[in-house]
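Remarks on the structure that follows.
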Amino acid sequence: CKAPAGGFSSGDVRVRALELVCEPRPARAGQVKVACVGDSITAGVCSSAADKTYPAQLQALLGDGYVVTNYGACGSTMQQHGDSPYWQRPQWPAVQNSSADVVVIMLGTNDAKTKEG
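Sequential numbering from -12 applies to the sequence shown in this note's numbering.
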């Protein structure tokens, strides 16, 4: 995902997370499209480099017959009634519209966190 063309409307990380623009990586004819759904672990927060995220490593392992897109949403929860449900993030409609052949889901870590307040 990337920043919107006109930039973010706020410096608040929660607002910016909802403004991200998510698009599938382009696929050539015959490539299997893989969507990686998840939280910051999928997104690659604190990865040593962009090619060290698990979706990037999955792409390297699978090779040219596949195209892997990272739809990680930092802080997102699996529970729809959690404090930051994946279903309310811009990544979710992007996944739905991606025509992915395979979806890999890695959610649940943030469901175990305690809510501040």
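Cβ atoms here follow ideal geometry from the backbone N, Cα and C, with glycine treated the same way.
Assuming residue i contacts residue j (C-beta within less than 8 Å), just tell me the rounded distance between them.
{"i": "Gln46", "j": "Val32", "result": "Not really, about 18 Å apart at Cβ, beyond 8 Å."}
{"i": "Gln78", "j": "Cys(-12)", "result": "6 Å"}
{"i": "Pro(-9)", "j": "Val8", "result": "5 Å"}
Determine, using beta carbons only, whether residue i and residue j come nearer to each other than 8 Å.
{"i": "Thr4", "j": "Cys61", "result": "Note that residue 4 is Ala in the sequence shown, not Thr. Yes, the pair counts as a contact, with Cβ atoms nearer than the cut-off."}
{"i": "Ala81", "j": "Tyr53", "result": "no"}
{"i": "Pro72", "j": "Ser63", "result": "yes"}
{"i": "Asp98", "j": "Val19", "result": "no"}
Please report how far the alpha carbon of residue i lies from the alpha carbon of residue j, in whole angstroms.
{"i": "Ser(-3)", "j": "Glu10", "result": "22 Å"}
{"i": "Thr92", "j": "Asp(-1)", "result": "According to the sequence as given, residue 92 is Ile; it is not Thr. Spanning the two alpha carbons is a distance of roughly 27 Å."}
{"i": "Gly69", "j": "Thr29", "result": "18 Å"}
{"i": "Ala36", "j": "Gln83", "result": "27 Å"}
{"i": "Ala43", "j": "Gly(-7)", "result": "27 Å"}
{"i": "Lys100", "j": "Phe(-5)", "result": "28 Å"}
{"i": "Ala14", "j": "Asp38", "result": "18 Å"}
{"i": "Thr96", "j": "Asp51", "result": "31 Å"}
{"i": "Arg12", "j": "Tyr41", "result": "16 Å"}
{"i": "Val21", "j": "Trp74", "result": "19 Å"}
Please state whether DSSP places residue i in a helix, a strand or coil.
{"i": "Asn84", "result": "coil"}
{"i": "Pro77", "result": "coil"}
{"i": "Thr40", "result": "coil"}
{"i": "Asp98", "result": "helix"}
{"i": "Ala47", "result": "helix"}
What residues match up with residue i in a beta bridge as DSSP calls it?
{"i": "Asn57", "result": "Cys23"}
{"i": "Val32", "result": "According to DSSP, which records beta bridges pairwise, Val32 is partnered with nothing at all."}
{"i": "Lys(-11)", "result": "Val8"}
{"i": "Met93", "result": "Gly25"}
{"i": "Pro151", "result": "Outside the displayed range of the chain (-12 to 104) lies residue 151, so it cannot be described from this structure."}
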